[in-house]
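Residue numbers (this note's numbering), protein chains in the order written: chain A, 34 to 370; chain B, 34 to 370; chain C, 34 to 370; chain D, 34 to 370.
Worksheet: the structure to be examined is printed underneath.
Number of protein chains: 4
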Amino acid sequence: MLVVMNAQATAAQIEGVAQRICELGFVPQVIPGQTCTAIGVTGNKGPIDRSRLLRLPGVEQVVRVTGPYKRVARAARPGRSSFPVASTHIGGGFTLIAGPCAVESARTILETARFLTERGVRLLRGGAYKPRTSPYSFQGLGSEGLACLAKAREETGIGIVTEALDVENVARVEEVADIIQVGSRSMQNYPLLRRIAQTRKPVLLKRGIAATVEEWLMAAEYLMSDGNQQVILCERGVRSFGDYTRYVLDLAIVPVLKHLTHLPVVVDPSHATGDARYVPSMALAALAAGADGLLIELHRNPSQALSDGAQALDFDEFVELHAKMKSVAAALDVELR
Amino acid sequence: MLVVMNAQATAAQIEGVAQRICELGFVPQVIPGQTCTAIGVTGNKGPIDRSRLLRLPGVEQVVRVTGPYKRVARAARPGRSSFPVASTHIGGGFTLIAGPCAVESARTILETARFLTERGVRLLRGGAYKPRTSPYSFQGLGSEGLACLAKAREETGIGIVTEALDVENVARVEEVADIIQVGSRSMQNYPLLRRIAQTRKPVLLKRGIAATVEEWLMAAEYLMSDGNQQVILCERGVRSFGDYTRYVLDLAIVPVLKHLTHLPVVVDPSHATGDARYVPSMALAALAAGADGLLIELHRNPSQALSDGAQALDFDEFVELHAKMKSVAAALDVELR
Amino acid sequence: MLVVMNAQATAAQIEGVAQRICELGFVPQVIPGQTCTAIGVTGNKGPIDRSRLLRLPGVEQVVRVTGPYKRVARAARPGRSSFPVASTHIGGGFTLIAGPCAVESARTILETARFLTERGVRLLRGGAYKPRTSPYSFQGLGSEGLACLAKAREETGIGIVTEALDVENVARVEEVADIIQVGSRSMQNYPLLRRIAQTRKPVLLKRGIAATVEEWLMAAEYLMSDGNQQVILCERGVRSFGDYTRYVLDLAIVPVLKHLTHLPVVVDPSHATGDARYVPSMALAALAAGADGLLIELHRNPSQALSDGAQALDFDEFVELHAKMKSVAAALDVELR
Amino acid sequence: MLVVMNAQATAAQIEGVAQRICELGFVPQVIPGQTCTAIGVTGNKGPIDRSRLLRLPGVEQVVRVTGPYKRVARAARPGRSSFPVASTHIGGGFTLIAGPCAVESARTILETARFLTERGVRLLRGGAYKPRTSPYSFQGLGSEGLACLAKAREETGIGIVTEALDVENVARVEEVADIIQVGSRSMQNYPLLRRIAQTRKPVLLKRGIAATVEEWLMAAEYLMSDGNQQVILCERGVRSFGDYTRYVLDLAIVPVLKHLTHLPVVVDPSHATGDARYVPSMALAALAAGADGLLIELHRNPSQALSDGAQALDFDEFVELHAKMKSVAAALDVELR
């Protein structure tokens with residue numbers, strides 16, 4: 034942390050800041066400059082609250098130098114995180130997770146699970162509890178949806194990825210899910226994160242619609258500091274000014290996260306674009322960008338879907354995309370799962 | 034809703050869309066144009082899911098014409114919402130809500146409550162449960178903080194505004210709060226909204242950091258459709274590219290909301306700017322813009338604050354601002370409470 | 034400037050960076066920290082190019098500590114800039130500039146000039162050269178429009194604010210304009226800025242649609258370093274995700290700019306909101322926020338306007354707003370001109 | 034275009050709008066709805082100015098249904114645009130354009146040209162005129178830089194891509210350039226676009242930092258309506274809230290543009306990320322996303338570069354990336370040039 038004094042700061046004000054830094058238990062290091070003096074704060078072991086220094090007389094700004102994350106930081110462990118899930122694993126390859134936005138019936142979810150397992154895809158996504166912008170929209174089948182997912186797993190051996198929306202239902206979701214999804218609206222729902230951390234199940238943590246890297250990684254830090262080490266980060270687009278896609282898919286976050294953290298990163302091109310016409314090219318781009326996997330929407334009959342049909346691939350489109358992913362993965366020497 | 038066909042759409046495709054609209058229970062109205070055909074969807078009583086039509090052959094886009102809100106819409110009731118809270122009321126005037134970001138001790142909160150009541154301010158804000166980006170930051174005093182607030186109310190008669198973070202603690206918060214705050218991170222925490230709706234206490238609903246007007250009003254619609262009619266909207270800045278203020282305070286939302294809804298709108302210049310130097314001018318701007326009130330941070334000694342001290346006014350700064358607000362309110366013939 | 038080394042940086046890498054800083058003519062100051070070493074760069078008189086250091090081995094990031102502006106910086110002169118324009122002046126009060134988006138005819142512009150001068154408003158805005166998003170839209174009357182403005186000035190004594198779009202026409206605009214406007218699309222058109230700097234006329238520099246404070250102030254620095262000291266900054270909204278207003282009016286930039294620079298700041302609520310219904314409240318908010326003036330669109334008959342009629346006030350609406358501005362200015366003890 | 038009346042609109046107001054539509058030369062089509070009436074505007078051949086209707090009594094909003102572009106629209110010609118440039122061509126394959134941000138000397142630019150031609154890359158980028166945020170930064174070598182580029186072309190046969198910054202220098206740039214670049218700051222510099230259109234040279238039109246698709250395509254429409262049909266669109270990142278990359282690379286724009294226009298689309302991962310560590314993965318992602326080419330920065334010694342060295346690949350990094358691009362292009366059956 035660096036405290037920058039304003040150009041008019043007096044010697045007494047500089048002394049005052051240095052003293053305050055000592056009181057907080059840190060070591061000040063004064064750096065006189067051409068136009069202003071800066072004071073380095075050293076000797077700290079964790080993050081320091083900027084606002085403890087910002088309102089002292091003569092202070093212009095307080096600049097943070099290092100990120101506040103500990104357990105998620107790349108330096109926290111040698112190599113990259115990778116962990117088994119159902120009959121596959123996440124990290125060190127490109128893992129596909131596909132399925133409908135919402136579970137709609139036992140029959141259709143089973144049909145989808147069979148379609149996927151026949152093609153070697155081992156993780157099925159499907160929402161039982163759906164957070165919907167409108168109270169008047171379809172809110173998911175709830176525990177009945179979980180039962181459909183459990184049945185699909187039983188019959189096909191496919192792993193299940195499904196969202197937990199609130200603390201109450203975590204126990205129920207935990208029974209069925211191989212990966213518990215935290216939706217983008219819940220990324221900073223700290224009580225929910227703390228409850229999910231206790232499950233010790235892998236967690237797929239979607240990025241909030243306007244979350245900075247720091248906010249996102251600190252949400253992962255909530256999970257890890259409570260003992261859950263199996264965190265998967267999922268980029269799903271951020272809000273921007275355009276309206277030609279629903280969100281802006283921020284693919285450069287993939288190499289950025291590889292630089293900052295050891296955690297695996299998957300990409301959801303379906304929610305990001307909101308339009309099935311643009312999903313295949315973004316799925317291939319995610320693979321080429323070095324992501325660890327894909328969360329992709331798939332529906333037997335998208336124009337009949339109860340939610341978000343516009344962004345779901347149909348089975349034929351998926352088959353076509355899958356063939357291309359195989360080629361590109363081979364070209365990049367990446368294991369496609 | 035308007036379905037726009039692409040330029041190459043065939044007569045059969047147009048017919049197909051029209052038929053689908055009928056199947057969904059609505060009435061299609063075909064509008065042939067110079068470059069493409071549009072099909073109006075009429076006869077609907079509530080919102081229609083766009084994606085039910087978007088993937089039909091020949092469809093280019095689906096344009097929503099009217100907002101999906103019912104109870105929050107201005108047309109839903111004559112006049113503007115206004116309701117009593119503690120010894121004051123919200124709506125039809127400019128109501129001040131002031132206090133520290135977090136409750137820090139019984140002594141300081143009581144001191145603040147006295148300072149405010151002596152100046153005619155009748156609502157005290159203070160967080161007992163604090164959502165913090167980092168798991169390592171001060172998380173609030175919890176139920177002990179609620180007890181401090183209850184004591185301040187008992188001794189001074191001031192009304193209490195405090196946040197409920199999760200379903201578990203709503204009952205406890207409800208006992209103490211005159212207004213229950215929903216923080217920006219929780220704006221789309223629908224299970225929490227539904228639980229809070231049951232309390233029948235006035236709710237201060239902060240805008241999510243990148244929430245569109247529609248998402249925000251639909252969050253209010255969750256509260257209202259579950260029977261809680263006392264909703265206050267609170268603008269607190271949206272995320273943008275600048276870093277000279279923490280968020281961009283979107284003050285034009287005030288007249289926009291006055292146009293779209295009957296609900297009262299207050300402004301939080303403290304979280305929006307994150308910098309006490311900029312708070313007074315934004316507080317005056319909010320008043321001039323026609324807001325119904327202000328949520329403003331105040332701390333006896335900001336540089337000692339346990340959270341967000343950089344954005345809190347000290348007592349002297351508040352007194353100076355209060356005097357200016359009185360002048361401007363008088364000039365605009367607005368009742369300052 | 035502060036160079037932050039990564040956690041694994043070797044002593045040799047730290048030495049290498051220090052040496053490079055010396056080669057560039059500056060003085061390195063090594064600050065060893067708990068997790069990483071930082072190196073202060075001191076002894077510089079102007080800005081340093083970050084990228085000269087960023088790719089050296091072991092460097093994690095390069096943090097700039099002070100702004101790169103010189104002449105625009107508040108510290109560059111005692112007090113605030115203020116200068117006479119036509120029969121009024123800018124700075125140290127609240128100066129109104131009103132008129133149509135585009136000059137449409139000699140008759141209507143004269144009518145508007147008379148309406149304004151009768152009410153004590155002494156600056157008329159009106160575009161002769163209009164930058165339009167579509168090549169098929171009305172592009173302004175050009176030199177004929179300038180002649181209309183010249184005539185209005187001659188007959189009423191009102192000062193003229195009009196835009197120069199390209200280097201070719203600066204000389205023509207200069208003859209007529211009392212203030213030369215640089216539009217938001219031209220904020221970083223450096224050849225144009227350099228040509229306009231030579232005119233020595235006051236310049237109204239609109240903010241680019243997504244310009245950071247630094248980019249904006251550096252554009253002003255282009256004007257000032259070329260010898261034109263009469264620069265007025267104009268906030269006109271920034272691009273964001275909402276669509277309920279055309280841009281987001283960033284009013285907090287007003288106190289931020291007052292903190293960073295000595296230059297006067299005016300606000301354009303018309304282009305920012307794009308909707309006349311929201312203009313009056315934003316005009317009042319700009320005044321309350323401490324701006325130095327207003328650029329506001331006014332049209333005898335907005336629904337017949339050749340460009341941007343939706344955002345123009347009609348004469349009656351202006352009269353009503355003007356009365357309120359008088360009250361608020363008096364309440365704040367600000368001179369309304 | 035669709036005019037939506039507000040819920041309280043009277044029959045007379047609806048009639049008034051319909052009449053106004055007739056006066057403007059179009060055909061109104063009234064669509065009565067459940068909550069409000071809409072009026073379709075048909076019979077128009079070009080775009081209609083929304084504001085001609087927006088301020089009429091009873092109007093709530095005016096919704097545009099079709100894009101305002103003509104010549105850039107995909108429907109304007111069969112197939113996709115593709116054109117020869119120097120010894121290669123653009124469109125229908127993946128064309129590499131590489132080189133330094135700024136031309137620094139005849140020797141280094143020739144060295145770079147040789148390095149590229151030896152590897153089969155046939156287009157060299159390099160700025161002679163550099164738009165720089167600060168007036169105190171290196172502004173390019175100007176006509177001397179153009180001479181260096183001309184010499185590199187003469188000796189190696191490589192094609193030249195360089196920027197024209199102002200109308201004055203277009204003639205000089207035209208002599209040397211095989212493709213004239215319009216920088217993102219100039220995307221809406223209409224006088225410059227009109228002058229460049231006259232050259233009949235291919236134009237690489239970079240996206241403005243916060244340009245919507247419509248604004249960008251309308252800038253291309255300026256070039257095309259003035260007779261220049263050889264327009265290349267270049268995505269280079271848009272401004273957003275993050276600071277871990279300089280801009281957010283909006284890769285989904287690639288399939289969106291393929292849907293909307295026949296023009297070729299290239300991607301600039303260097304300016305978008307501002308960080309060489311993230312460039313290779315974004316270059317591969319652009320290829321996988323279906324772009325028509327890449328504009329990429331390359332420098333013999335990035336840490337000595339006079340501008341933007343942090344984002345330039347060095348020669349070894351380029352060789353490594355090139356090999357991967359060859360594999361992926363082959364996997365996708367795309368011709369890499």
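Glycine included, C-beta positions come from ideal geometry on N, C-alpha and C.
In the DSSP assignment, find the unbroken beta strand (DSSP E) run with residue i in it and report its ends.
{"i": "histidine 304 of chain A", "result": "Histidine 304 of chain A -> not in any beta strand (DSSP E); alpha helix (DSSP H) instead, spanning 302–306."}
{"i": "phenylalanine 274 of chain C", "result": "Counting along the chain, phenylalanine 274 of chain C falls outside any beta strand (DSSP E), and DSSP gives it neither H nor E."}
{"i": "methionine 220 of chain C", "result": "Unbroken run through methionine 220 of chain C: none, as it is neither H nor E."}
Looking at C-alpha atoms only, which residue of the options is the closest neighbour of residue i?
{"i": "glutamate 268 of chain D", "options": "D/Gly260, D/Leu320, D/Ser258", "result": "D/Leu320"}
{"i": "threonine 145 of chain A", "options": "A/Cys69, A/Phe348, A/Asp325, A/Gln344", "result": "A/Phe348"}
{"i": "methionine 38 of chain D", "options": "D/Phe59, D/Leu57, D/Ile64, D/Cys181", "result": "D/Ile64"}
{"i": "alanine 40 of chain B", "options": "B/Gln52, B/Phe59, B/Ala71", "result": "B/Ala71"}
{"i": "leucine 282 of chain D", "options": "D/Glu187, D/Lys291, D/Val312, D/Ala119", "result": "D/Val312"}
{"i": "arginine 240 of chain D", "options": "A/Ala318, A/Met257, A/Gly275, A/Ile142", "result": "A/Gly275"}
{"i": "tyrosine 102 of chain B", "options": "B/Cys55, B/Leu290, B/Phe116, B/Glu137", "result": "B/Leu290"}
{"i": "glycine 76 of chain C", "options": "C/Ile229, C/Pro61, C/Gln263", "result": "C/Pro61"}
{"i": "tyrosine 280 of chain B", "options": "B/Ile286, B/Arg272, B/Val287", "result": "B/Arg272"}
{"i": "leucine 226 of chain A", "options": "A/Leu198, A/Leu365, A/Glu137", "result": "A/Leu198"}
Taking the alpha helix (DSSP H) that residue i falls in, what are its first and last residues?
{"i": "valine 289 of chain A", "result": "286–293"}
{"i": "arginine 186 of chain B", "result": "176–189"}
{"i": "alanine 45 of chain D", "result": "44–56"}
{"i": "alanine 319 of chain D", "result": "312–321"}
{"i": "leucine 250 of chain C", "result": "246–258"}
{"i": "methionine 358 of chain B", "result": "348–364"}
Whose Cβ in chain A lies nearer than 8 Å to the Cβ of residue i?
{"i": "alanine 71 of chain C", "result": "Leu35, Gly73, Val98"}
Closer than 7 Å by beta-carbon distance: list the chain C residues that pair up with residue i, in chain order.
{"i": "threonine 68 of chain A", "result": "Thr99"}
{"i": "threonine 306 of chain B", "result": "Ala285"}
Can residue i and residue j be called in contact, C-beta distance under 8 Å?
{"i": "methionine 315 of chain C", "j": "proline 302 of chain C", "result": "yes"}
{"i": "alanine 343 of chain A", "j": "alanine 305 of chain A", "result": "no"}
{"i": "valine 300 of chain B", "j": "isoleucine 265 of chain B", "result": "no"}
{"i": "leucine 327 of chain B", "j": "leucine 89 of chain B", "result": "no"}
{"i": "valine 96 of chain C", "j": "valine 367 of chain A", "result": "no"}
{"i": "isoleucine 193 of chain C", "j": "valine 215 of chain C", "result": "no"}
{"i": "isoleucine 81 of chain D", "j": "valine 74 of chain D", "result": "yes"}
{"i": "glycine 159 of chain D", "j": "glycine 132 of chain D", "result": "yes"}
{"i": "proline 164 of chain C", "j": "glutamine 221 of chain D", "result": "yes"}
Name, please, each residue of chain A whose Cβ falls closer than 7 Å to the Cβ of residue i.
{"i": "isoleucine 242 of chain B", "result": "Ala243"}
Determine the chain B residues that contact residue i at a beta-carbon separation under 7 Å, and present them in chain order.
{"i": "glutamate 248 of chain A", "result": "Thr166"}
{"i": "alanine 108 of chain D", "result": "Ala40"}
Give the interface partners of residue i over in chain D, defined as CB-CB distance under 7 Å, in chain order.
{"i": "phenylalanine 274 of chain B", "result": "Arg272, Ser273, Phe274"}
Under 9 Å between beta-carbons, which chain D residues line up against residue i? List them in chain order, please.
{"i": "leucine 266 of chain A", "result": "Chain D residues near leucine 266 of chain A: none, gap ~13 Å exceeds 9 Å."}
Which bits of chain B does residue i rub up against, with CB to CB less than 9 Å?
{"i": "isoleucine 64 of chain D", "result": "Leu35, Gln62, Ile64, Gly73, Thr75"}
Answer yes or no: does any C-beta atom of chain F fall closer than 8 Å to that of residue i?
{"i": "histidine 122 of chain D", "result": "Considering every chain present, this structure includes no chain F. Its protein chains are A, B, C and D."}
Chain D contacts from the region 164–189 of chain C (Cβ-Cβ distance under 9 Å): Answer set for the region 164–189 of chain C: Pro164, Arg165, Thr166, Ser167, Pro168, Tyr169, Ser170, Phe171, Gln172.
Against chain C: residues of the region 348–365 of chain B by CB proximity under 8 Å: Hits within the stretch, in order: Lys357, Ser360, Val361, Ala363, Ala364, Leu365.
Interface residues of the region 211–223 of chain D facing chain C [CB-CB below 8 Å]: The region 211–223 of chain D vs chain C, Cβ under 8 Å: Arg218, Ser219, Gln221, Asn222, Tyr223.
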